[in-house]
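Colleague: Take 171 as the starting number for the sequence shown in this note's numbering and just add one per residue.
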Amino acid sequence: MVIAERFRFNKRDQKEGEVIRVYVATLQKLAEHCAFGDSLSDMLRDRLVCGIKNEGVQKRLLTKADLTIAKAVEIAEIPAYNPKRSFDCCRCGGNGHGPDRCYFKELCRYCNKNGHIEKVCKSKASKVKEAAREEEEDHEERERREENQVNWGQVNTIGKKWSAKSPICIVITVEGQIVRMELDTDAAVSLIPLNTYQQRFSHIPMKKTKAWLRTYTGEQICLKEELQVRVKKEGKEWTLPLLVVVGQGPPLIGRNWLKSIPLDWK
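#1: Is tryptophan 408 buried or exposed, if buried means 16 or more other CB atoms sit within 10 Å of its CB?
#2: Using C-beta distances below 6 angstroms, list every residue in its chain close to lysine 402, excluding the 5 sequence neighbours before and after it, in chain order.
#3: What residue range does the beta strand (DSSP E) around methionine 351 cover?
#4: Taking 8 angstroms as the limit between beta carbons, can you name the residues of its chain near lysine 378, skipping five residues before and five after?
#5: Are leucine 433 and leucine 361 closer than 8 angstroms when you measure CB to CB?
#6: So, helix, strand or coil for proline 363, using DSSP?
#7: So what's threonine 379 in DSSP terms, helix, strand or just coil?
#8: DSSP three-state label for proline 269, please.
#9: Determine whether the beta carbon atoms of cysteine 259 and cysteine 278 lie at a separation below 8 angstroms.
#10: Less than 8 angstroms separating the beta-carbons of leucine 197 and arginine 217?
#11: For isoleucine 431, which residues in the same chain have their Cβ closer than 6 angstroms to its Cβ, ignoring the five residues on either side in sequence?
#12: With DSSP as the reference, label cysteine 220 as helix, strand or coil.
#13: Verify whether the separation of the beta carbon atoms of cysteine 204 and glutamate 175 is less than 8 angstroms.
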């Protein structure tokens, strides 16, 4: 039915991250069964203006007389347009004049170069953007470190005396060898002590790790490096990370392995 096809056409707005030409092509496809006839170009133009996601560009399109679909696409694709920071002059950021007629040709207080003021200084904008990026990376790094921390419980603490509680042990195949590992749900990662690595897995190369570990009392545990090992359990196989630490204690299964390996908790 034409009315249903036109309903779909008129409900189609630009999606997040969708480029203009893809949006227009989608509208053209939806219009195939709408029977718009000679008014097709006008309908595409109107739907583009009504459905575009950038409100600043939308307002700009609404001010244009004799707007065609081709012109609307051209305006909408201008990448630098931003109504909140739109200006004509690169020296002062003002409207209504170009840089050749601008009075502000003094020394910039930020970069100490002539020809513009601090408000539109590209060096400052670049520095602010770089600082924001570094802050975001620092935040991501803190999150990764928090994820990789191990808050050891009293049952399993590398380099410490075990408590009298009986640990839960899992027998599992690691790199073709049967290994008895203690289950520690307080640990974010799985690990083996250095002597176990040297005795049983020294043929596997180690690589550097960004993880850092501490005991439940807050003492930092000395890490060597990390392995990628093949782990088998009940006929299934996974490739999982395994940390190597300096200290005495049993191999531990932490939460990162438990996300992959199904265990029977009964």
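Built from N, CA and C at the ideal position, the CB exists for glycine as well.
Modeller: For this structure:
#1: Under this definition tryptophan 408 is an exposed residue.
#2: Thr343
#3: Element bounds for methionine 351: 347-353.
#4: Glu395 and Glu396
#5: no
#6: strand
#7: Reduced to three states, the DSSP call for threonine 379 is coil.
#8: helix
#9: no
#10: yes
#11: Lys403
#12: Assigned with DSSP and collapsed to three states, cysteine 220 falls in helix.
#13: yes
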